[in-house]
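Here the protein sequences come in this chain order: A and B.
Quick note: the first sequence, position 95, residue 95 per our numbering, numbers continuous.
Quick note: the second sequence, position 104, residue 1104 per our numbering, numbers continuous.
Positions of the beta carbon are idealized from the N, C-alpha and C atoms, including for glycine.
Bear in mind the structure is a predicted one, so any value in this text is a computation, not a measurement.
Remarks on the structure that follows.
Protein chains: 2
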Amino acid sequence: MRAATNIYKALSDANRLRILMMLRNKPLCVCEIVEILELANSTVSKHLSILRNASLVMDSKSGRWVNYRISTPGESPDIEIVLAHLDKILDRDEQVASDNKKVREVDRYVICASPTLTVTE
Amino acid sequence: MRAATNIYKALSDANRLRILMMLRNKPLCVCEIVEILELANSTVSKHLSILRNASLVMDSKSGRWVNYRISTPGESPDIEIVLAHLDKILDRDEQVASDNKKVREVDRYVICASPTLTVTE
DNA sequence: ATTACATTTCGCCAGATAACGAAATGAGAA
DNA sequence: TTCTCATTTCGTTATCTGGCGAAATGTAAT
């Protein structure tokens, strides 16, 4: 029962749904999500830990960055049905469309200043 | 987006999940749900209004009683996918099993004292 | 070693939520 | 009408949640 409510609690915040839908495009690091949601990084980090705790997303380190991605069906028994529902319910959501556009445009090498990984310089 | 979070907020409370699973057996009146959840009727009424607000359940009057039931797919575009997920995630939940047992045993004519409808007397 | 910086953790505050009992509502019984 | 009683609404309280900034953490650059 706790596991069930945990998942729905994780899904019951608009910013967390935005994060999930953003991650459907591609993995993102925290600073990219911060840029798009326009929230404090401590707030975004908290949201991500809630999503991770519900096994909806996974994280992996890459230099100083932490990349977040949607869990695979093997990692989360719920992810497929949850994403299917989100796709259906947020099909024509303007906020999601706008976020997706920004995800495509955002460039972590511009937003964040990690020198080591600034391949473009 | 609001509609989406509303549904997940409705699902993010253990007592509301218990109510939904109980209603999968058959429609129930408020006093029957109160009996099984062991909460104040004002609390149960509030939970039911949240579920109704999310279009997950519907109510109809019957004498002094108000019967609640799971919405049909026509009434809620989300109900089928939600129930499928709940069935999966709460498959072996002991609380749900215990509640289902009580739902089968509970008798509104014993719990509530509505004289008009006390057919058994 | 020291600095730089992405991320997380901590402490705090404002608003939301779940619980209760009491009062209000509404429909049938007397 | 007046009473009864299932249900809802109201008012209150304790707890949870989401937000922020500051401090802590960890890793890479200098």
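key: Test: residue 45 of chain A CB closer than 7 Å to a CB of chain B   = For the purposes of this step, residue 45 of chain A is taken as the residue at position 45 of the first sequence. Answer no: the Cβ-Cβ gap between residue 45 of chain A and chain B never drops below 7 Å.
Evaluate residue 88 of chain A with the Cβ neighbour count: other Cβ atoms within 10 Å of its Cβ, from every protein chain shown; 16 or more gives buried, anything less gives exposed.
Counting from 1 along the first sequence, the entry for residue 88 of chain A is found at position 88. By the neighbour-count definition (other C-beta atoms within 10 Å, threshold 16), residue 88 of chain A is an exposed residue.
Checklist entry - Any contact of the segment 99-113 of chain A with the segment 30-41 of chain A, i.e. 3+ C-beta pairs under 8 Å? => result yes
Problem set entry | Best match in A:65, A:16, A:50, A:12 for proximity to residue 30 of chain A [C-alpha to C-alpha] | Along the first sequence, read from residue 1 onward, the residue named residue 30 of chain A stands at position 30. Minimum Cα distance to residue 30 of chain A is reached at A:65.
With H, G and I counted as helix, E and B as strand and the rest as coil, what does DSSP make of residue 76 of chain A? Taking the first residue of the first sequence as 1, we reach residue 76 of chain A at position 76. Residue state for residue 76 of chain A is assigned as coil, using DSSP reduced to three classes.
Requested in this report: Out of A:68, A:110, A:112, state which residue places its alpha-carbon closest to the alpha-carbon of residue 20 of chain A.
Outcome: On the first sequence, position 20 is the one that residue 20 of chain A refers to. Ranking A:68, A:110, A:112 by Cα distance to residue 20 of chain A puts A:68 first.
- Residues that residue 109 of chain A contacts on chain B, provided the C-beta gap is smaller than 7 Å: By one-based count along the first sequence, residue 109 of chain A stands at place 109. Residue 109 of chain A does not reach chain B, its nearest Cβ partner there being about 30 Å away, counting only Cβ pairs nearer than 7 Å.
8 Å contact criterion, which residue 10 of chain A and residue 51 of chain A should meet: CB distance rounded: To locate residue 10 of chain A, count along the first sequence from 1; it is residue 10. To locate residue 51 of chain A, count along the first sequence from 1; it is residue 51. Contact flag correct, Cβ pair sits at about 6 Å.
(request) Kindly give me the distance between the Cβ atoms of residue 1047 of chain B and residue 1025 of chain B, rounded to whole angstroms, as I take these residues to be in contact under 8 Å. (result) Along the second sequence, read from residue 1 onward, the residue named residue 1047 of chain B stands at position 47. Along the second sequence, read from residue 1 onward, the residue named residue 1025 of chain B stands at position 25. Taking the Cβ atoms as the reference, residue 1047 of chain B lies roughly 17 Å from residue 1025 of chain B, outside the contact range of under 8 Å.
* Please confirm if residue 1091 of chain B has its CB atom under 7 Å from at least one CB of chain A. => Sequence index remark: in the second sequence, residue 1091 of chain B carries index 91 (1-based). No, its Cβ sits nowhere closer than 7 Å to a Cβ of chain A.
Q | Cβ distance (whole Å) where residue 70 of chain A is taken to contact residue 79 of chain A below 8 Å | A | The residue you call residue 70 of chain A lines up with position 70 of the first sequence. The residue you call residue 79 of chain A lines up with position 79 of the first sequence. Indeed, because the Cβ distance is near 7 Å, the residues count as touching under 8 Å.
Fully enclosed by the segment 1015-1086 of chain B, which beta strand (DSSP E) runs are 3 residues long or longer? 1057-1062, 1065-1070
- Item | Beta-carbon proximity of residue 1004 of chain B to residue 90 of chain A, cut-off 7 Å | Reading the second sequence from its first residue, position 4 is the one you call residue 1004 of chain B. Reading the first sequence from its first residue, position 90 is the one you call residue 90 of chain A. A contact, by the Cβ cut-off of 7 Å.
Any C-beta of chain B sitting closer than 7 Å to the C-beta of residue 125 of chain A? With chain A running from 1 to 121 in the structure shown, residue 125 of chain A is simply not present.
Review point. If you follow the alpha helix (DSSP H) that residue 1098 of chain B is part of, which residue opens it and which one closes it?
Key: Within the second sequence, numbered from 1, the residue matching residue 1098 of chain B stands at position 98. Per DSSP, residue 1098 of chain B belongs to the alpha helix (DSSP H) from 1094-1105.
is_contact[residue 974 of chain B, chain A] using C-beta, thresh 7 Å
Not covered by the structure: residue 974 of chain B. The range shown for chain B is 1001 to 1121.
Member of A:83, A:94, A:110 whose CA lies at the smallest distance from the CA of residue 8 of chain A: Counted from its first residue, the first sequence places residue 8 of chain A at position 8. For the residues A:83, A:94, A:110, the minimum Cα distance to residue 8 of chain A belongs to A:83.
**Prompt:** residue 1 of chain A to residue 39 of chain A, Cα distance in whole Å?
**Reply:** Taking the first residue of the first sequence as 1, we reach residue 1 of chain A at position 1. Taking the first residue of the first sequence as 1, we reach residue 39 of chain A at position 39. In a straight line, the C-alpha of residue 1 of chain A is about 31 Å away from that of residue 39 of chain A.
What do you get for residue 1110 of chain B, buried or exposed, if any count of 16 or more other CB atoms within 10 angstroms of its CB means buried?
-> One-based indexing of the second sequence puts residue 1110 of chain B at position 110. Per the 10 Å Cβ criterion, exposed.
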